[in-house]
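Visitor: Quick one: structure below, then a few questions.
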Amino acid sequence: MSRAAQSLFPHQKLDWTISRLQERVDSTPDDPAARIELAGAMVSRGLYHGGGERICNDALAHVRRALTDDPANVHALIVAALALCGMDRPRAAARYLDQAVRVDGEIPLLRLAMGKMEGLRGEHGQAVRQLETACRLAPDAWETHLELGRALMSLARQEGHPPRVPVLEAR
Numbered sequence: 528m529s530r531a532a533q534s535l536f537p538h539q540k541l542d543w544t545i546s547r548l549q550e551r552v553d554s555t556p557d558d559p560a561a562r563i564e565l566a567g568a569m570v571s572r573g574l575y576h577g578g579g580e581r582i583c584n585d586a587l588a589h590v591r592r593a594l595t596d597d598p599a600n601v602h603a604l605i606v607a608a609l610a611l612c613g614m615d616r617p618r619a620a621a622r623y624l625d626q627a628v629r630v631d632g633e634i635p636l637l638r639l640a641m642g643k644m645e646g647l648r649g650e651h652g653q654a655v656r657q658l659e660t661a662c663r664l665a666p667d668a669w670e671t672h673l674e675l676g677r678a679l680m681s682l683a684r685q686e687g688h689p690p691r692v693p694v695l696e697a698r
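Using the numbering used here, the letters of the sequence shown correspond one by one to residues 528 to 698.
Below, the structure is given as structure tokens:
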């Protein structure tokens with residue numbers, strides 16, 4: 528995935544993509560790259576397309592299996608952390624992110640995951656800082672901007688600032 532990509536996750540034809548990747552994993556169960564790609568698509572469904580905790584749990588199972596083959600795979604560590612964030616488990620996500628940041632701290636997806644984790648911990652100021660970095664690293668990726676907007680709104684609420692315009696809550 529290039530750092531200048533317009534999206535950090537797959538979003539188009541997501542059901543078809545997940546189905547195709549599941550078939551690939553079923554046909555080659557020992558391929559960690561296929562498992563990581565499937566887990567990434569599942570995390571996209573879980574975080575951005577109404578999939579919720581169940582699909583994040585399924586993604587975590589796939590990525591954990593891939594991590595048994597390559598425990599230092601940064602992308603797998605990040606996907607695992609995001610799956611845990613989708614399950615509202617920031618403490619567990621932090622363990623994966625700590626490992627990933629030691630390898631390369633300048634990955635947009637890593638900073639996005641760190642921002643989500645900090646937000647779940649209630650550390651909205653730190654979440655904003657992480658997500659600002661993610662936006663700088665991937666200025667065309669809409670997910671970073673969406674998450675930054677959410678973090679800024681949470682920070683404003685935490686500090687007692689009323690919204691200036693009516694806000695539609697995400698479902």
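All residues carry an ideal CB built from backbone N, CA and C; glycine is no exception.
Does the beta-carbon distance from Met644 to Leu624 come in below 8 Å?
Guide: As a first step, residue 644 must be located in the sequence shown, where it is residue number 117. As a first step, residue 624 must be located in the sequence shown, where it is residue number 97. Cβ distance < 8 Å, so Met644 and Leu624 count as in contact.
Visitor: Alpha carbons only, please: which of Arg638, Asp615, Ala593 is nearest the one belonging to Leu647?
Guide: Here the question's residue 647 lines up with position 120 in the sequence shown. Looking at the Cα atoms, Asp615 is the closest of the given residues.
Visitor: Which of helix, strand or coil does DSSP assign to Asp625?
Guide: On the sequence shown, residue 625 is found 98 positions in, with the first residue counted as 1. Here Asp625 sits in helix by DSSP.
Visitor: Among the residues of its own chain, which have a CB less than 7 Å from the CB of Leu664, if the five just before and after it don't count?
Guide: Position 137 of the sequence shown holds residue 664. Cβ within range, chain order: Arg530, Glu633, Pro635, Arg638.
Visitor: Can you tell me whether DSSP reads Lys540 as helix, strand or coil?
Guide: Translated into the one-based positions of the sequence shown, residue 540 becomes position 13. Three-state DSSP puts Lys540 in coil, outside helix and strand.
Visitor: Specify the secondary structure class of Asp553 as computed by DSSP and reduced to three states.
Guide: For the purposes of this step, residue 553 is taken as the residue at position 26 of the sequence shown. Asp553 falls in the helix class under three-state DSSP.
Visitor: Would you mind giving the Cβ-Cβ distance between Leu611 and Ala603, rounded to the nearest angstrom? I have them listed as a contact below 8 Å.
Guide: On the sequence shown, position 84 is the one that residue 611 refers to. On the sequence shown, position 76 is the one that residue 603 refers to. In fact, because the Cβ distance is near 13 Å, the residues do not count as touching under 8 Å.
Visitor: Which runs of the alpha helix (DSSP H) fall wholly inside the stretch 555-613 and span at least 4 residues, in chain order?
Guide: Taking only runs of at least 4 residues, the alpha helix (DSSP H) segments lying wholly in the stretch 555-613 are 559-575, 579-596, 601-613.
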